[in-house]
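Asks: Here's a structure for you.
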Amino acid sequence: MKMPPFDYACPATLSEAVALLAAHDGDAKVLAGGQSLVPILAFRLAAPKLLVDLRKLTDLRTIKITSDGVALGAMVRWCDIESDARLRTAHPLLVAAVAHVAHYQIRNRGTVGGSIAHADPAAEMPGIAMTCEAGIVAMGKAGTRTIKAADFFQGALTTALKADEIIVEIRLPAWPSGRRWGFQEFARRRGDFALAAAAVFYDLDASGKATNAHVGVIGVADRPLRLPSVEAVLNGAAIDAATIAKAEAATMAAIDPDSDIHASGAYRRALAGTMVERALKMAAEQTP
Amino acid sequence: MKARFEVNGHKVEVAVEPRLTLADCLRHHLRLTGTHVGCEHGVCGACTVLVDGKAVRSCLMLAVQAEGSKVVTVEGLSKDEGLTPLQASFRKHHALQCGFCTPGMITTAHALLSEEPDCDADRVREVLSGNLCRCTGYVSIVEAVLDARAAYKGGTS
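Line order of the protein sequences matches chains W and D.
Quick note: the first sequence uses the working numbering, first residue 17, plus one each step.
Quick note: the second sequence uses the working numbering, first residue 7, plus one each step.
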């Protein structure tokens, strides 16, 4: 369908963009890559009065890697992450997850900030933000604040962003070398939204036991989830077949997915368990 | 609003509503009907064009967002109205039936082969998974793309 009419602005600075959003008090939407927003407009699920295009804000396109971690500018595209060789060591879990995001043409325009702001419960980037305890930096009329991923995602397509706020950066904490990780996703076609996916990582203590375990799943609730009960199974344990089986069972016990046209709740629950199992096997088989 | 960009090497300036997609701008304002519009929400890939060398879905981009960009449509791939090596390969392998998806297949495969002339069959399938063909001709499409790789080696295409 054709989109409803709207006005269009393409500000040259972030503060101008924020001022435009503030002046429209909820009737303006931010346009980044447009790969989620334009379909929403085409379905007429939203009818903003104004689109504020961020394409001139080139500062938002940088990927910064420091001792604090990886900072992704909001306008960084999936293809930028794919082609940045530094990230393969600076954040291998991010790279593995992003490999599953959408199809070729969409990867050339879709952005990390857009995905986080859209907050699809089956999308990879919100899942990685949740699992890795990312900070989401947003700028609004009142200034800049950093929102914890756990506070940011509030439901399907619902976030803590205020109407005048723009995501400027996603900060992923530093990734120590030797960290074990795994990412597994199941979708009908590569690039489609996940029916379920799991991201895991943990560090090894001196005795070879897991510590600092993080387990996240997507596609099984109204938002990306971290699963503390599964992490508790892993922390202090050797990641062997028995522990992985316990983690799989704990995953299935921790979630209660709804049924929809793509899969039944029971199927998604079993699938999420299998994704955690496979992600842990992947992590356990790594040679650091 | 005015949108000024380049299409197939020609500078254009069009007066458009902000809500007009690049796909509709190309077809209705510039009469370049080689770009096909299927789903209009970024699923089918028929509307794929190149924007600054990258394959994008022109139904998910506003014409006003193309300001200052270089757009290439399927019409712009061959210079002399002949077939490009990729197009000739599609013909040789019977890689189309109804032809609706073909412009998107050609532009997508052209971008892929320009970036990765050594890609393997798995990579071709992965990239073309974003382009729907309802005549189910994928086997011959993949063969056509693989066969055209030679023409892209050495950066001649």
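Each residue gets a CB set at the ideal place from its N, CA and C atoms; glycine is no exception.
Pair every Cβ in the stretch 25-40 of chain D with every Cβ in the stretch 67-83 of chain D, then say whether three or more of these pairs are closer than 8 Å.
Replies: yes
Asks: Determine the extent of the alpha helix (DSSP H) in which residue 145/D is found, giving its start and end residues.
Replies: 144-153
Asks: Note down the Cα distance separating residue 62/D from residue 157/D, rounded to an integer number of angstroms.
Replies: Rounded to the nearest angstrom, the gap between the Cα atoms of residue 62/D and residue 157/D is 23 Å.
Asks: Per DSSP, which residues does residue 200/W bridge with? Please list them.
Replies: 214/W
Asks: Can you give me the start and stop residues for the beta strand (DSSP E) that residue 161/W sits inside?
Replies: 159-164
Asks: Would you say residue 68/D lies against chain W (beta-carbon separation less than 9 Å)?
Replies: yes
Asks: Thinking residue 56/W and residue 110/W are a contact (beta carbons under 8 Å), I'd like their distance in whole angstroms, please.
Replies: Contact flag wrong, Cβ pair sits at about 26 Å.
Asks: Report the rounded CA-to-CA distance for residue 95/W versus residue 156/W, giving the unit in angstroms.
Replies: 28 Å
Asks: Opposite residue 59/W in the DSSP bridges: which residues?
Replies: Partner(s): none; residue 59/W has no beta bridge.
Asks: Does the beta-carbon of residue 134/W have 16 or more other beta-carbons within 10 angstroms, so that it is buried, or is it exposed?
Replies: buried
Asks: Measure the beta-carbon distance from residue 232/W to residue 146/W and round it to whole angstroms, keeping in mind my assumption that it falls under 8 Å.
Replies: Contact holds; Cβ gap of about 5 Å.
Asks: Looking at C-beta atoms only, is the number of pairs between the stretch 114-122 of chain W and the stretch 219-227 of chain W that lie closer than 8 Å three or more?
Replies: no
Asks: Based on Cα-Cα distance, which residue from 191/W, 50/W, 35/W lies nearest to residue 108/W?
Replies: 191/W
Asks: Would DSSP call residue 189/W helix, strand or coil?
Replies: Three-state result, residue 189/W: strand.
Asks: Determine contact between the stretch 278-291 of chain W and the stretch 206-217 of chain W, defined as no fewer than three beta-carbon pairs at a distance below 8 Å.
Replies: yes
Asks: Residue 169/W and residue 239/W - do their beta-carbons sit closer together than 9 Å?
Replies: Cβ atoms of residue 239/W and residue 169/W: closer than 9 Å.
Asks: Taking the alpha carbon of residue 127/W as the reference point, which residue from 47/W, 225/W, 270/W has its own alpha carbon closest?
Replies: 47/W
Asks: If distances are taken between C-alpha atoms only, which option among 97/D, 135/D, 110/D, 85/D comes closest to residue 16/D?
Replies: Ranking the options by Cα distance to residue 16/D, first place goes to 85/D.
Asks: Under a Cβ-count criterion, where at least 16 other Cβ atoms within 10 Å of its own Cβ denotes burial, should residue 24/D be classed as buried or exposed?
Replies: buried
Asks: In the DSSP assignment, what residue or residues form a beta bridge with residue 233/W?
Replies: Bridge partners of residue 233/W: 214/W, 241/W.
Asks: Note down, in chain order, every chain D residue with its Cβ under 9 Å from the Cβ of residue 134/W.
Replies: Within 9 Å Cβ-Cβ: nothing; residue 134/W doesn't reach chain D, min ~13 Å.
Asks: Would residue 87/D pass as an interface residue toward chain W - the criterion being a Cβ-Cβ separation below 9 Å?
Replies: no
Asks: Touching or not, the stretch 58-66 of chain W and the stretch 81-91 of chain W, by the rule of three or more beta carbon pairs under 8 Å?
Replies: no
Asks: List the residues of chain D that residue 129/W touches, going by C-beta distances under 8 Å, in chain order.
Replies: Per Cβ cutoff of 8 Å: no residues; residue 129/W is ~16 Å from chain D at best.
Asks: Below 7 Å between beta carbons is the criterion; list the residues of the stretch 132-146 of chain D that meet it against any residue of chain W, in chain order.
Replies: 132, 133, 135, 136
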